[in-house]
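So in UniProt numbering, spot 42 of the sequence shown is number 42, and the numbers just go up one at a time.
Even for Gly, the Cβ is constructed at its ideal location relative to N, Cα and C.
For clarity, every value in this text was computed on a predicted model and none was experimentally measured.
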Amino acid sequence: MLNKSTLKTMEILEKISNSKNGMTITQLSKELEIPRSTVDDIVKALVSKKYLYCSDESLKLYQLGNKIFELSLKMRDKREVLDIVTPFLKELVDEFNDTLFFGLKDGDDVLYLSKMESSKTVRTTAVLGSRKSFYYTGLGKAILSTYSEKDLDEYIARTKLEPRTDYTIIEPEKLKEDILGAKRRGYSTDYREGDIEVSCVAAPIYQEGKIFGAISLAGLYTTIDEEETKRRGKKIKDTAEKISEILS
Numbered sequence: 001m002l003n004k005s006t007l008k009t010m011e012i013l014e015k016i017s018n019s020k021n022g023m024t025i026t027q028l029s030k031e032l033e034i035p036r037s038t039v040d041d042i043v044k045a046l047v048s049k050k051y052l053y054c055s056d057e058s059l060k061l062y063q064l065g066n067k068i069f070e071l072s073l074k075m076r077d078k079r080e081v082l083d084i085v086t087p088f089l090k091e092l093v094d095e096f097n098d099t100l101f102f103g104l105k106d107g108d109d110v111l112y113l114s115k116m117e118s119s120k121t122v123r124t125t126a127v128l129g130s131r132k133s134f135y136y137t138g139l140g141k142a143i144l145s146t147y148s149e150k151d152l153d154e155y156i157a158r159t160k161l162e163p164r165t166d167y168t169i170i171e172p173e174k175l176k177e178d179i180l181g182a183k184r185r186g187y188s189t190d191y192r193e194g195d196i197e198v199s200c201v202a203a204p205i206y207q208e209g210k211i212f213g214a215i216s217l218a219g220l221y222t223t224i225d226e227e228e229t230k231r232r233g234k235k236i237k238d239t240a241e242k243i244s245e246i247l248s
C-alpha cells in the first residue's frame with residue numbers, strides 16, 4: 001500500500017498539471033479534499049525541490065516547475081535511445097536466436113530497460129525495470145570495462161562482492177583482472193555468474209562520448225563454447241560501436 005503522503009503529493013502534481021494557469025493552495029485543498037495545512041506543507045516541499053514554482057505571487061498560483069520538465073526530457077531521451085537500439089537488438093535475435101538485453105548505467109547498478117527474447121527459453125532473473133550490481137552481470141562488467149584503473153579500484157573497494165551463484169567472481173583481484181580483460185577485448189563475458197544457466201557477452205554503449213549503458217547477448221551456457229563466445233563477443237562489440245556512433 002502506498003504511503004498516504006506520497007499519494008497526496010501525486011494527486012497535487014496531477015491536479016496542477018491539468019490546470020491551465022496554475023492553482024492556489026486553497027483550490028487544491030478544496031478540490032482534493034485534503035486539509036489546507038497538509039497541502040501547504042507538500043507544496044512548500046515541492047517548491048524547494050523545483051517540482052513546483054509560484055507563477056503569481058499576488059494570487060499564489062502554483063505551476064509545474066523546471067524539475068518536472070527536466071525529468072520528462074530525460075524520459076524522452078531514453079525512449080529515443082530505445083527506438084535507436086531496438087532494430088539492432090532484433091537483428092541479433094534473428095542471427096543468434098537468443099535473448100538480448102539493453103541496460104543503462106544507474107550509479108553502481110545497471111537498469112534493465114529492454115529485453116528481446118527469441119524462440120528459445122532462457123531462464124534469467126533479469127526483468128524490465130530491475131536493477132543489478134555491475135560485478136556479476138555482463139552488462140555491468142561491460143560498463144566497468146570503460147572505467148580508468150583508478151575508478152575501477154574504487155568501485156571494487158566500495159562494493160560488497162557477494163556470490164550470486166557458485167561462479168560469481170568475488171575475489172577483488174580476479175574481478176579486476178576479468179574487467180581489464182574485457183577492456184582489452186572490447187566486450188565482457190559472464191559465465192553463469194548472475195544466473196546459473198546463462199552465459200552472455202556484453203559491450204558498452206556511449207552517448208556523446210560518455211558511457212551510457214550496454215547491450216548483452218545471453219544464452220544457455222551448454223550451447224556456448226569458447227569459439228562461440230568469441231564469435232558473439234565480436235558481434236556484440238561491433239553492434240555496440242554502431243549504436244554509439246549514432247548516439248554521438
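With a Cβ-Cβ cutoff of 7 Å, do residue i and residue j count as a contact?
i    : j    : result
G213 : K105 : yes
V85  : I196 : no
R164 : G194 : yes
T34  : K8   : According to the sequence displayed, residue 34 carries Ile and not Thr. Contact flag set, yes.
I236 : L220 : no
L161 : Y135 : yes
G65  : K44  : no
I179 : S148 : no
I42  : I68  : no
K115 : L128 : yes
G22  : Y62  : yes
S248 : I224 : no
A182 : A240 : no
Please state whether DSSP places residue i in a helix, a strand or coil.
i    : result
D94  : helix
G65  : coil
I179 : helix
K132 : strand
V110 : strand
K15  : helix
Our contact map puts residue i next to residue j with C-beta atoms below 8 Å; I'd like the distance itself, whole angstroms only.
i           : j    : result
L89         : G103 : L89 to G103, Cβ: 12 Å. No contact.
L92         : L100 : 5 Å
S188        : A142 : 4 Å
I16         : V39  : Not confirmed; about 11 Å, so no contact.
residue 252 : S130 : This structure cannot speak to residue 252, because the chain is shown only from 1 to 248.
V122        : D98  : 7 Å
L152        : K176 : 6 Å
Run through the DSSP bridge pairs and tell me what residue i is partnered with.
i    : result
V201 : T189, L217
T99  : A218
L104 : L111, G213
M116 : L100
M23  : Y62
**Request:** Just list the beta strand (DSSP E) runs in the region 26-61, keeping only unbroken ones of 3 residues or longer that don't cross its boundaries, in chain order.
**Result:** 52-56
**Request:** Scan the region 142-173 and note each continuous alpha helix (DSSP H) run of 4 residues or more that stays entirely inside, going in chain order.
**Result:** 149-158
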